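What follows is a short report on a single structure.
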Amino acid sequence: MCGRYVMATPASDLVALFEVDESGDGLPEPNWNIPPTTTVPIVVEPRPRDASPPIRRLEAARWGLVPTWADDVSVGARAFNARSETAASKPMFRDGVRERRALVPADGWFEWQRQGDRKTPHYIHGDAPISFAGLYAWWKQPDGAWLLSTTILTTAAAGELAGIHERMPLLVTPEMRDAWLDPDEDGEAALEAVVAEAPEAVADLSMHAVDARVGSVRETGEGLIAPRNPL
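This is the structure:
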């Protein structure tokens, strides 16, 4: 699963890295301890309403998918992750798989390894920002304003990560990003292709144990990703 991650790279750097054409308003500040329901940056490429070329956008979204048919925004608190194995068939996520796929930029994420009665948090990251496979939705709020929300797809952990937790966020390699975002691509085929590349996508990642403070959503700052001092 992915229930806490880091996105501290400035939005201006994300624009260049993900070849973004336009940036939306309200993009969040750097955050070293992001929990569900937080506002996060996502990259989307919505289907144009006319014959114009698609425009890739960096937008602010609420982490926790709120589908168009939801009665209340609280639905999203339970939909911050979607299992890649079943997302295409679940009413909550299937429309997103078909044509509303997103990239969720991240510097890395936290996962807790169970050791007896203890859980040790680890920080998993690369040398540059990575991208989680995400889905997005628009929901009309009671006041008439539209809320953009997102979920992060997960898959079976691969390589060394399997020794920490059985699940991991589904990463999209740089080579797969264009196809993943393209709303004209077959969604299920795109998902299958990204899942097939998952072991390769995480092969070069690094990980280390970090301070248990990261377990509190009130804690923040760059110190949360520092290697934990040995006892």
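Under numbering that gives the first Met the number 0, residues 0 to 230 are what the sequence shown spells out, in order. Virtual Cβ for every residue (Gly too), placed ideally from N, Cα, C. Only a predicted model underlies this, so the values are computations on that prediction, with no experimental measurement involved.
Have a look at residue i and residue j and give me their C-alpha separation to the nearest angstrom.
i, j, result
"Ala78", "Leu64", "5 Å"
"Ala144", "Arg227", "44 Å"
"Arg176", "Trp111", "28 Å"
"Lys89", "Asp183", "20 Å"
"Gly95", "Thr67", "11 Å"
"Asp70", "Ala76", "13 Å"
"Pro238", "Asp20", "Residue 238 falls outside the range modelled here, since the chain spans only 0 to 230, and no answer is possible."
"Pro141", "Ile123", "39 Å"
"Thr150", "Val74", "12 Å"
"Trp137", "Arg82", "20 Å"
"His121", "Ser51", "45 Å"
"Thr8", "Val42", "14 Å"
"Tyr135", "Ala192", "19 Å"
"Glu165", "Leu204", "16 Å"
"Lys139", "Pro35", "20 Å"
"Pro53", "Glu199", "29 Å"
"Leu190", "Ile163", "24 Å"
"Met167", "Ser130", "13 Å"
"Cys1", "Phe109", "7 Å"
"Asp49", "Met206", "45 Å"
"Leu16", "Arg212", "31 Å"
Check the DSSP bridge columns for residue i and list the partner residues they point to.
i, result
"Glu58", "Ile41"
"His164", "His164 is not bridged to any residue."
"Thr150", "Leu134"
"Ser205", "His124"
"Leu170", "Phe131"
"Lys139", "Trp145"
"Arg117", "Gln114"
"Asn30", "Met6"
"Ala155", "Arg166"
"Ser22", "Leu57"
Specify, as a first and last residue, the run of the beta strand (DSSP E) that residue i falls within.
i, result
"Trp179", "From DSSP, Trp179 is part of no beta strand (DSSP E) but of the alpha helix (DSSP H) over 176–180."
"Ala10", "Element bounds for Ala10: not the beta strand (DSSP E) but the alpha helix (DSSP H), 10–16."
"Pro226", "Per DSSP, Pro226 belongs to no beta strand (DSSP E) and is neither H nor E."
"Arg82", "80–82"
"Leu102", "100–114"
"Val213", "Counting along the chain, Val213 falls outside any beta strand (DSSP E), and DSSP gives it neither H nor E."
"Val5", "4–6"
"Trp68", "No beta strand (DSSP E) holds Trp68; DSSP gives it neither H nor E."
Quick one, are the C-beta atoms of residue i and residue j less than 8 Å apart?
i, j, result
"Leu57", "Val103", "no"
"Val201", "Gly158", "yes"
"Val72", "Leu146", "yes"
"Thr85", "Trp62", "no"
"Leu169", "Leu180", "no"
"Met6", "Asp116", "no"
"Arg93", "Ala101", "no"
"Gly33", "Arg55", "Note that residue 33 corresponds to Ile in the displayed sequence, not to Gly. Contact flag unset, no."
"Thr119", "Ala208", "yes"
"Leu26", "Ala59", "yes"
"Trp31", "Gly220", "yes"
"Gly186", "Arg97", "yes"
"Val194", "Thr154", "yes"
Please list the terminal residues of the continuous alpha helix (DSSP H) segment that includes residue i.
i, result
"Arg193", "The question names Arg, but residue 193 is Val in the sequence shown. Run containing Val193: 186–195, per the alpha helix (DSSP H) assignment."
Would the beta-carbon of residue i be found less than 7 Å away from any heavy atom of the ligand GDP?
i, result
"Ala211", "In the structure on display, the ligand GDP does not appear, and there are no ligands present to speak of."
Is the Cβ of residue i closer than 8 Å to any Cβ of chain C?
i, result
"Val213", "In the structure shown, chain C does not exist; there is a single protein chain."
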